[in-house]
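Going down the list, the sequences are from chains Y and B. Numbering of the first sequence is given in numbering that gives the first Met the number 0, commencing with residue 0 and proceeding in unit increments. Numbering of the second sequence is given in numbering that gives the first Met the number 0, commencing with residue 0 and proceeding in unit increments. Beta carbons: idealized from backbone N, C-alpha and C, even for Gly. What you are looking at is a predicted structure, and each value in this text was computed from that prediction instead of being measured. Working notes for the structure below.
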Amino acid sequence: MADETSIILIVVIGTLVIVLLTFVVITFTVMHTRKLAKKDSEHKITLKNKELELLKATIDTQEFEREKIALNLHDEVGPLLSSVKFKLAKYKRDFNAGKLTEKSFSDDSSFIDTIIQNVRGVSHDLSPQHVVKFGLAKAIETFTAGLNGVHCMVVSELEEEKMLSKAMSRNLYCIILELINNTIKHDTPTWFEIEFFIEDGLIKIRINHDGEGLTAESFDAFEAGSTGLGLSSVKSRMVLLSGTLSFSKINKMSNTEIVVPFA
Amino acid sequence: MYRVIIDCGMLSSLIPIFFLFYSYRKADHKMWWPLFFISTLWMISEILNWTLVKFSINNLLVFELFGFLSMIAYGFLFYRLISNKFFRISLIFIITVLELFLIVYAWANSLWFEGDMLNAMISAVVPFLLSILFFYNLMTTSIEGKLVHYPFYWVNAAILIGFGMSFFTFIFIDQIIASPALTFYLWPIVSIANIIYNILISKGIWQMRRV
Numbered sequence: 000m001a002d003e004t005s006i007i008l009i010v011v012i013g014t015l016v017i018v019l020l021t022f023v024v025i026t027f028t029v030m031h032t033r034k035l036a037k038k039d040s041e042h043k044i045t046l047k048n049k050e051l052e053l054l055k056a057t058i059d060t061q062e063f064e065r066e067k068i069a070l071n072l073h074d075e076v077g078p079l080l081s082s083v084k085f086k087l088a089k090y091k092r093d094f095n096a097g098k099l100t101e102k103s104f105s106d107d108s109s110f111i112d113t114i115i116q117n118v119r120g121v122s123h124d125l126s127p128q129h130v131v132k133f134g135l136a137k138a139i140e141t142f143t144a145g146l147n148g149v150h151c152m153v154v155s156e157l158e159e160e161k162m163l164s165k166a167m168s169r170n171l172y173c174i175i176l177e178l179i180n181n182t183i184k185h186d187t188p189t190w191f192e193i194e195f196f197i198e199d200g201l202i203k204i205r206i207n208h209d210g211e212g213l214t215a216e217s218f219d220a221f222e223a224g225s226t227g228l229g230l231s232s233v234k235s236r237m238v239l240l241s242g243t244l245s246f247s248k249i250n251k252m253s254n255t256e257i258v259v260p261f262a
Numbered sequence: 000m001y002r003v004i005i006d007c008g009m010l011s012s013l014i015p016i017f018f019l020f021y022s023y024r025k026a027d028h029k030m031w032w033p034l035f036f037i038s039t040l041w042m043i044s045e046i047l048n049w050t051l052v053k054f055s056i057n058n059l060l061v062f063e064l065f066g067f068l069s070m071i072a073y074g075f076l077f078y079r080l081i082s083n084k085f086f087r088i089s090l091i092f093i094i095t096v097l098e099l100f101l102i103v104y105a106w107a108n109s110l111w112f113e114g115d116m117l118n119a120m121i122s123a124v125v126p127f128l129l130s131i132l133f134f135y136n137l138m139t140t141s142i143e144g145k146l147v148h149y150p151f152y153w154v155n156a157a158i159l160i161g162f163g164m165s166f167f168t169f170i171f172i173d174q175i176i177a178s179p180a181l182t183f184y185l186w187p188i189v190s191i192a193n194i195i196y197n198i199l200i201s202k203g204i205w206q207m208r209r210v
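Here it is, written out as structure tokens:
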């Protein structure tokens, strides 16, 4: 009887212990998987946010391009074409009055050239063909060759065909152009040096110049105070390229560094 | 009360079968068949045991055979549940070795009509350990949606609780069979474990239909 009682006790206590352990295992599994699911959903949200940021950057960039083109057409091509229309009306009147001579047309050629140049600029903004045809470094070199009063040197170590996609080249081209234009506009440099090189498996582009230059903080402040879309377009494009933009100043030399991973 | 619990234990084995037939069309057939195999085996064993005990006929052969077959059935279920190649090879090897050992052991000791503590224990421990392994597997891999909506969470909980609760009774199976008093006090634990097992496994089968 004593044996039976002890067997009953062992079985009952043992069963209770095992049931308790079983519940612990089940509860722990539920809690742990909940934690995993939470982590997973957080990761998904982060990815989603990144996607949204990219989407926003793409839209911002497109918006910038549209505004720039609209501005070009409205402020430059539009008035010039209106002048042409006005002149044509005047020529008609002169012709009817018998006053129209060859001399009347002499200034019009430069007018038309300006319009052509502006339309070319718009087309260039839409798709910088230089970059596609000749490569990024060459396109930058061609652009800087046209700058008046600023000496410029472009050094490139990149094998562009292998390293850069067309979209990446176009974006980098627009970023560099915007930065150079801004530097010329605000910092009055006398020379530029633009280097393209690879370091730590990343593509780096360094723009050195002797102008006033910016720091990271002043860039942000400058961008916040700026009414134009140029700088925010630079930022948007950097997001699209998953790159970083930094500013520094050593002695009297300012430099801006663009770092992007391979395409 | 004793009879009610024992009868409920036997009757509960019909619940998963009902749910299995109900879910046949909507369930994943890859997992439906192992569960059908397990539940049918369980139900046949319960009905046979119940009937034989009712007519005071020795039911230990049924108990012994259920032990052998159930280990194969649970092996089949976990083989399909965990797709790791190493696990599958190990599972086949371990179950084959254990089955051979238990058959030889029962044969050598003529345990076909007597209480075989080793068979009862091992056939409970193997699914119990596989279930713990599966829970571990669940913890390391993320599943879509809530865990309570995952059918095999319930199936494994059933195995873990059902076999865990019966384990200590199976250790003393020889003494329980020999003593009517022990049978009276301890066998209801097995029946309650069976009821919980069958309810939880039915919930899993129901979830399988929903998934």
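With contacts defined as CB atoms closer than 9 angstroms, Y/Val121 and Y/Ile68 qualify as a contacting pair. 9 angstroms or more divides the Cβ of B/Trp32 from the Cβ of B/Ser12. At a cut-off of 9 angstroms between beta-carbon atoms, Y/Asp2 makes contact with chain B. Identification of chain B residues near Y/Thr21 by a Cβ-Cβ cut-off of 7 angstroms yields Leu159, Ile160, Gly163, ordered along the chain. Around the beta carbon of Y/Gly200, a 10 Å sphere encloses fewer than 16 other beta carbons of the protein chains shown; the residue is thus reported as exposed. Cβ contact annotation for B/Val125 (same chain, cutoff 6 angstroms, sequence separation greater than five): Met70, in chain order. By the C-beta criterion, the stretch 125-139 of chain B is judged to be in contact with the stretch 19-35 of chain Y, since at least 3 inter-stretch pairs fall below 8 angstroms.
Residue-level contact check: B/Ser178 touches chain Y, since one or more beta carbons of chain Y fall below 9 angstroms from its beta carbon. For B/Met138, the neighbours in chain Y by C-beta distance under 7 angstroms run, in chain order, Thr28, His31, Thr32. In this model, Y/Ile7 and Y/Ile17 are separated by some 15 angstroms (Cα to Cα). Within chain B, the C-beta atoms nearer than 7 angstroms to that of Y/Ile6 come from Phe171, Gln174, Leu181, in chain order. Annotated three-state conformation of Y/Asn207 is strand, per DSSP. Rounded to whole angstroms, B/Tyr152 and B/Arg87 show a C-alpha spacing of 20 angstroms. Y/Val29 sits in a helix when the DSSP states are folded into three classes.
Counting only the Cα atoms, B/Asn155 lies some 33 angstroms from B/Ser178. For the stretch 0-29 of chain B, there are no residues whose beta carbon sits under 8 angstroms from a beta carbon of chain Y. Taking one beta carbon from each stretch, the stretch 158-169 of chain B and the stretch 47-62 of chain Y have fewer than 3 pairs nearer than 8 angstroms; the two do not touch. For the alpha helix (DSSP H) assignment, the uninterrupted runs of no fewer than 4 residues enclosed by the stretch 147-202 of chain Y are, from N- to C-terminal side, 159-162, 165-186. If the five residues before and after B/Phe162 are omitted, its C-beta is found closer than 7 angstroms to the C-beta atoms of Ala123, Pro126, Phe127, all from its own chain and listed in chain order.
Contact of Y/Gly13 with chain B by beta-carbon distance below 7 angstroms involves Phe167. Between B/Leu90 and B/Phe77, the beta carbon gap of about 6 angstroms places them in contact (Cβ cut-off 8 angstroms). In the structure shown, Y/Lys248 adopts extended strand secondary structure according to DSSP, grouped into three states.
Between the alpha carbons of Y/Ser164 and Y/Ala220 lies a distance of about 32 angstroms.
Below 8 angstroms, enough C-beta pairs join the stretch 3-18 of chain B and the stretch 185-196 of chain B to call them touching: three or more.
Listed along the chain, the chain B residues whose CB falls inside 8 angstroms of the CB of Y/Ile17 are Gly163, Met164, Phe166, Phe167.
By the criterion of at least three beta-carbon pairs nearer than 8 angstroms, the stretch 26-41 of chain Y is not in contact with the stretch 127-137 of chain Y. In the DSSP assignment, Y/Glu75 falls outside any alpha helix (DSSP H) and carries neither an H nor an E.
Under the three-state reduction of DSSP output, B/Ile5 falls in the helix class.
Neighbours of Y/Ile9 in chain B, taken as residues at a C-beta separation under 9 angstroms, are given in chain order as Phe167, Ile170, Phe171. Chain B has no Cβ within less than 9 angstroms of the Cβ of Y/Val258. In the DSSP secondary-structure assignment, Y/Thr243 is bridged to Y/Val258. By the rule that beta-carbons nearer than 9 angstroms mark a contact, B/Tyr184 touches chain Y. Looking at B/Ser201, B/Ala180, B/Tyr184, the one whose alpha-carbon comes closest to that of B/Ser38 is B/Ser201. Here the alpha carbons of Y/Gly212 and B/Tyr135 stand approximately 58 angstroms from one another. B/Leu47 and B/Lys53 have their C-alpha atoms spaced approximately 10 angstroms apart. If you look at Y/Asp106, you'll find it isn't in any alpha helix (DSSP H); DSSP assigns it neither H nor E.
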